[in-house]
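Residue numbers (the working numbering): -1 to 86.
Contents: one structure, followed by commentary.
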Ligand code: HEC
Ligand code: HEC
């Protein structure tokens, strides 16, 4: 096998591994029964085990102060995209 072909196969392998890891990560987030987050007590709305703060349907008004202006994670709260993929 030519060397350049080998290099191409290695790149492909790296990409496949990368995509697999992302998929496993997303699958895990689909059912966050064992969430790694530790939200404050005002997060009282339980959505399949993930505690949401009230006003969750207007996140751009109610959640940005802690979860970041684009909801991808801010000073204290994590990213909503950890569990929600393309909702926003
Ligand atoms: C005053 C700051 C603050 C505001 C405002 C806030 N959050 Fe949070 N939120 C946090 C913190 C802190 C965490 C925990 C982050 C961690 O443990 O890394 C958290 C975690 C979460 C989690 C993960 C909980 C779990 O059980 O896994 C969800 C879901 C969440 N917030 C939803 C919301 C929603 C929806 C809003 C708006 C309606 C909101 N938050 C507004 C601070 C806030
Ligand atoms: C730890 C995982 C997790 C995090 C982080 C998270 N959510 Fe959720 N969220 C869920 C789950 C699980 C549900 C319930 C299943 C569903 O409706 O998709 C849900 C449901 C919702 C719903 C209701 C959807 C409906 O149709 O009833 C809204 C709105 C929402 N989340 C907003 C947010 C916002 C805003 C943030 C960030 C501040 C956030 N979520 C962060 C897991 C999470």
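In this text, a Cβ means the ideal position worked out from N, Cα and C, and glycines have one as well.
Buried versus exposed, by CB contacts within 10 Å (16 or more), residue i
i: residue 69; result: buried
i: residue 82; result: exposed
i: residue 76; result: buried
i: residue 17; result: exposed
Assigned secondary structure, residue i (DSSP; H/G/I helix, E/B strand, else coil)
i: residue 45; result: strand
i: residue 82; result: coil
Host alpha helix (DSSP H) of residue i (start-end)
i: residue 60; result: 57 to 60
Among the options, the one whose alpha carbon lies nearest that of residue i
i: residue 37; options: 74, 4 and 13; result: 74
Any non-hydrogen atom of ligand 3 closer than 6 Å to residue i Cβ
i: residue 68; result: As far as ligands go, the structure on display features ligand 1 and ligand 2 and does not contain ligand 3.
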